[in-house]
Amino acid sequence: MTTETDIGTGTTTAEYAPEPTPHLDWAKLAPDVFKAMIRLDAAAGQGLDPRLRELVKIRASQLNHCALCLDMHSKDALAAGESVERIVQLSAWEESRHFYTGKELAALELTEAVTVLTGGTSQAFGSGGGFVPDEVYERAAEHFDETELAQLIAAITVINAWNRFGVTCRRTPGHYRPGQHK
Amino acid sequence: MTARPARVARTTYLDPAVRSAMRAVSAAAKKGLGDPALAELVQIRASQLNHCAFCLDMHLAIAREQGVPQQQLDLLPAWEEAGDVFDERERAALALTEAVTLLTEGSVPDEVYANAAEHFDEARLAHLVAVVTGINSWNRLMVSRRIPAGSTEW
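Quick note, the sequences are listed as chains P and S, same order.
Using the numbering used here, the first residue of the first sequence is number 1, and each one after it goes up by one.
Using the numbering used here, the first residue of the second sequence is number 183, and each one after it goes up by one.
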C-alpha cells in the first residue's frame, strides 16, 4: 500500500485514489529474461556521464509514461545531486535549453527520436518522429564519439525496454528508495 | 529505372557486452514463449510499427523458413481486418504487441492485457511481453544506427 510518506506530499489529510494492483511479476515468471536484462542494463551506457544517463532515462520514461521508472530515476537523479529544476524542466527541454549543456541537449533529442520510432508514418511528411532523422543523429555525433554514441543508443534502448516491462506488467510506483537496485 | 541510394550503416559499432546480453534477452524470451511461429509474427508486427527494415528482412525470412503461411505474412499489417486468417490467440498476442510497442501513445489498455491473459498463462504472458520488448530493443539498435536490410555486419 502506498503511504503519504511514499508519495512525499508532507500532508496527512489528503485522500488519494487506491493504488492499482500489479498485473504480472515478470521478473519471477521469466527469471532468465530478468537476469539478461540486468546484464544488459549494466553493459549499456558504460562510460557515459551518470547525470546524463539519468536525464536520458527520465525523458524516455516520460515519453513512455512509465510511472515506476520515473519514480526510480528521478529519485536516483536527486540522490546523485541532480537539481529539481533540471528534472522538472525536462519534459519541456526545448523551451528550457539554458538548463542543459549542448551535449545533454543532443542526447535528449536523440532519446526522443529513438523512443518515438512509431511516429511519422511516412518520411515524406517529415513530421512527428520516426526513422531517427539525419540531423538528430549528426548533432549527437558531434558531441559523442562513435563508441560513446553506441553506448548512448544502447542506454536509450534499455530504458525503453524497462519502460515496456514496467507499463505492461503495471509495476506500481511510489516505493522506490534511491540506490535500491545499485 | 533511376539509381537506388547506397545503403550504408551510420555505424556498425555496438558494445560486445550489449550485443551478448541482448541476444540472451531474446533467446530466453523466445524459449519461454515456446511458440516460434507466433514469436515471428509478433516480431514482424513490431518491426512494421517501428519501421525497422533490417528486422523485417530477417524475421520475414525466418518466418517463411518456419512455414508461417504466406497469407498471414501478407495480411499482418491489417490483421484486425483479416478475419479468420489469424486465430483468437494470435489476435490477442498481436493486439498486445501493438499496445506494448506504442507506449508513447498511451498505456497498455486493460482490455488488451486482459484478453492476452485469457489466452496465455502467466509465465507465457511474461515471455510474450519479453519477446515484444526484445524486438523493440533490436528495432531501436538497428534503426538508430541505420543498419541496412540484409546486412551481415550489425
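Beta carbons are placed, not taken as given, at the ideal position from N, Cα and C, and that holds for glycine.
Since the structure is predicted, the reported quantities are computational estimates derived from the model, not experimental observations.
Please report how far the alpha carbon of GLY47(P) lies from the alpha carbon of GLU148(P), in whole angstroms.
-> Here the question's residue 47(P) lines up with position 47 in the first sequence. Here the question's residue 148(P) lines up with position 148 in the first sequence. The alpha-carbon atoms of GLY47(P) and GLU148(P) are separated by roughly 7 Å.
Beta carbon proximity, ILE156(P) to chain S, threshold 8 Å = Translated into the one-based positions of the first sequence, residue 156(P) becomes position 156. Interface residue, yes.
Where ALA44(P) sits in the DSSP three-state scheme = Position 44 of the first sequence, counted from the first residue, corresponds to residue 44(P). Of the three classes helix, strand and coil, the one that applies to ALA44(P) here is coil, per DSSP.
Taking only beta-carbon atoms, is ASP76(P) less than 8 Å away from chain S?
-> The residue labelled residue 76(P) in the question sits at position 76 within the first sequence. It does not; no Cβ of chain S falls within 8 Å.
Span separating the alpha-carbon of CYS66(P) from that of ASP134(P) | Counting from one through the first sequence, the residue named residue 66(P) turns up at place 66. Counting from one through the first sequence, the residue named residue 134(P) turns up at place 134. Going from the Cα of CYS66(P) to the Cα of ASP134(P) covers about 28 Å.
In chain S, which residues lie with their C-beta within 9 Å of the C-beta of ARG271(P)?
-> Nothing can be reported for residue 271(P): it is not among the residues displayed for chain P, which extend from 1 to 182.
Is the shortest distance between the beta-carbon of ALA260(S) and the beta-carbons of chain P less than 8 Å?
-> Residue mapping note: residue 260(S) aligns to position 78 of the second sequence, counting from 1. Not an interface residue.
Using 8 Å as the limit for Cβ to Cβ distance, is MET1(P) near chain S?
-> For the purposes of this step, residue 1(P) is taken as the residue at position 1 of the first sequence. With a pLDDT of 48 at MET1(P), under the threshold of 50, the predicted position of this residue should be treated as unreliable, and no value is reported.
DSSP state of THR101(P) mapped onto helix, strand, coil = The count along the first sequence starts at 1 and reaches residue 101(P) at position 101. THR101(P): coil per DSSP, three-state reduction.
Rounded to whole angstroms, what's the CA-CA distance from TRP320(S) to LEU108(P)? Just pull it up for me.
-> What you label residue 320(S) is simply residue 138 of the second sequence in a count that begins at 1. What you label residue 108(P) is simply residue 108 of the first sequence in a count that begins at 1. Their backbone Cα atoms lie some 20 Å apart in a straight line.
Alpha carbon to alpha carbon, how far is ALA36(P) from HIS73(P)? Give it in angstroms, no decimals.
-> For the purposes of this step, residue 73(P) is taken as residue 73 along the first sequence, with counting starting at 1. For the purposes of this step, residue 36(P) is taken as residue 36 along the first sequence, with counting starting at 1. A straight line joining the alpha-carbon of HIS73(P) with that of ALA36(P) spans about 20 Å.
Give a yes or no on whether 8 Å exceeds the smallest Cβ distance from GLU146(P) to chain S.
-> In the first sequence, residue 146(P) corresponds to position 146, counting from 1. Output row for GLU146(P): interface = yes.
Around the Cβ of ASP76(P), are there at least 16 other Cβ atoms within 10 angstroms (buried) or fewer (exposed)?
-> In the first sequence, the residue the question calls residue 76(P) occupies position 76. It counts as buried.
Work out the CA separation of ASP269(S) and THR21(P) for me, nearest whole Å.
-> Against the first sequence, residue 21(P) aligns to sequence position 21. Against the second sequence, residue 269(S) aligns to sequence position 87. Approximately 30 Å, taken between the alpha carbons.
Using 10 angstroms around the beta-carbon of ARG171(P), count the other beta-carbons present and answer buried if the total reaches 16, otherwise exposed.
-> By 1-based counting over the first sequence, the position of residue 171(P) is 171. ARG171(P) should be labelled buried.
DSSP on MET1(P), reduced to helix/strand/coil?
-> In the first sequence, residue 1(P) corresponds to position 1, counting from 1. At MET1(P), the pLDDT of 48 sits below 50, so the modelled position is not reliable; the number obtained from the coordinates is stated separately. Three-state result, MET1(P): coil.
For PRO198(S), the three-state DSSP class (helix, strand or coil) | Residue numbering aside, residue 198(S) sits at position 16 when the second sequence is read from its first letter. Of the three classes helix, strand and coil, the one that applies to PRO198(S) here is helix, per DSSP.
Would you kindly work out how many angstroms separate the C-alpha atoms of LEU158(P) and VAL33(P), rounded to a whole number?
-> Your numbering for residue 158(P) matches position 158 in the first sequence. Your numbering for residue 33(P) matches position 33 in the first sequence. According to the sequence displayed, residue 158(P) carries Val and not Leu. Approximately 13 Å, taken between the alpha carbons.
Could you name the residues of the same chain whose beta carbon sits closer than 7 Å to that of MET1(P), not counting the 5 residues immediately before and after it, in chain order?
-> For this step, residue 1(P) is matched to residue 1 along the first sequence. Any reading at MET1(P) is ruled out, since the residue's pLDDT is 48, under 50, leaving its predicted position unreliable.
Quick one: list the residues of chain S neighbouring CYS169(P), beta-carbon separation under 7 Å, in chain order.
-> Here residue 169(P) refers to the residue found at position 169 when the first sequence is read from its first residue. Simply VAL311.
For LEU323(S), count neighbouring C-beta atoms within 10 Å of its own C-beta (all shown protein chains included) and say buried if the count is 16 or more, exposed if not.
-> Taking the second sequence and counting its residues from 1, one reaches residue 323(S) at position 141. Note on LEU323(S): 16 or more other CB atoms within 10 angstroms of its CB, so buried under the neighbour-count rule.
How would you label ASP292(S), buried or exposed, when you count the other beta carbons within 10 angstroms and need 16 or more for buried?
-> To locate residue 292(S), count along the second sequence from 1; it is residue 110. When all chains shown are included, ASP292(S) counts as exposed.
Close Cβ partners of ALA44(P) (< 8 Å) along its chain, the five nearest in sequence each way excluded = In the first sequence, residue 44(P) corresponds to position 44, counting from 1. Within the same chain, ALA44(P) has close Cβ partners GLN151, ALA154, ALA155, THR157, VAL158.
Assign PRO31(P) to buried or exposed, taking buried as 16 or more other Cβ atoms, counted over all protein chains shown, within 10 Å of its Cβ.
-> Within the first sequence, numbered from 1, the residue matching residue 31(P) stands at position 31. Flag for PRO31(P) reads exposed.
Proximity of ILE58(P) and ILE38(P) at Cβ, strictly below 8 Å = For the purposes of this step, residue 58(P) is taken as residue 58 along the first sequence, with counting starting at 1. For the purposes of this step, residue 38(P) is taken as residue 38 along the first sequence, with counting starting at 1. Contact: no.
At what residues does the alpha helix (DSSP H) containing LEU323(S) begin and finish?
-> The residue you call residue 323(S) lines up with position 141 of the second sequence. Here the alpha helix (DSSP H) through LEU323(S) covers 304-327.
Looking only at its own chain, which residues have a Cβ that is under 6 Å from the Cβ of ILE329(S), when we skip the five neighbours before and after it?
-> Here residue 329(S) corresponds to residue number 147 of the second sequence, with the count starting at 1. Sequence-distant Cβ neighbours of ILE329(S) in its own chain, meaning closer than 6 Å and more than five residues away, are ALA191, PHE236, TRP336.
Residues near LEU24(P) by beta carbon distance below 6 Å, same chain, minus five either side = Residue 24(P) sits at position 24 when you count from the first residue of the first sequence. Hits under 6 Å: CYS169.
For LEU257(S) and chain P, any beta-carbon pair shorter than 8 Å?
-> As a position in the second sequence, residue 257(S) is number 75, starting the count at 1. No, its Cβ sits nowhere closer than 8 Å to a Cβ of chain P.
Beta-carbon proximity check, LEU238(S) vs GLN230(S), cutoff 8 Å = Within the second sequence, residue 238(S) is the residue found at index 56, counting from 1. Within the second sequence, residue 230(S) is the residue found at index 48, counting from 1. Yes. Within cutoff.
So is HIS181(P) buried or exposed if we call it buried at 16+ other beta carbons inside 10 Å?
-> For the purposes of this step, residue 181(P) is taken as the residue at position 181 of the first sequence. When all chains shown are included, HIS181(P) counts as exposed.
In terms of residues, what are the limits of the alpha helix (DSSP H) holding GLU272(S)?
-> One-based indexing of the second sequence puts residue 272(S) at position 90. Residues 270-283.
Kindly indicate the opening and closing residues of the alpha helix (DSSP H) around PHE147(S).
-> In the structure displayed, chain S extends from 183 to 336; residue 147(S) sits before or after that span and is not available.
Put PRO50(P) into one of helix, strand or coil per three-state DSSP.
-> Along the first sequence, read from residue 1 onward, the residue named residue 50(P) stands at position 50. It is helical.
Could you give the distance in angstroms between the alpha-carbon of GLN225(S) and the alpha-carbon of LEU110(P)?
-> Counting from 1 along the second sequence, the entry for residue 225(S) is found at position 43. Counting from 1 along the first sequence, the entry for residue 110(P) is found at position 110. Using only the alpha carbons, I get a separation of about 24 Å.
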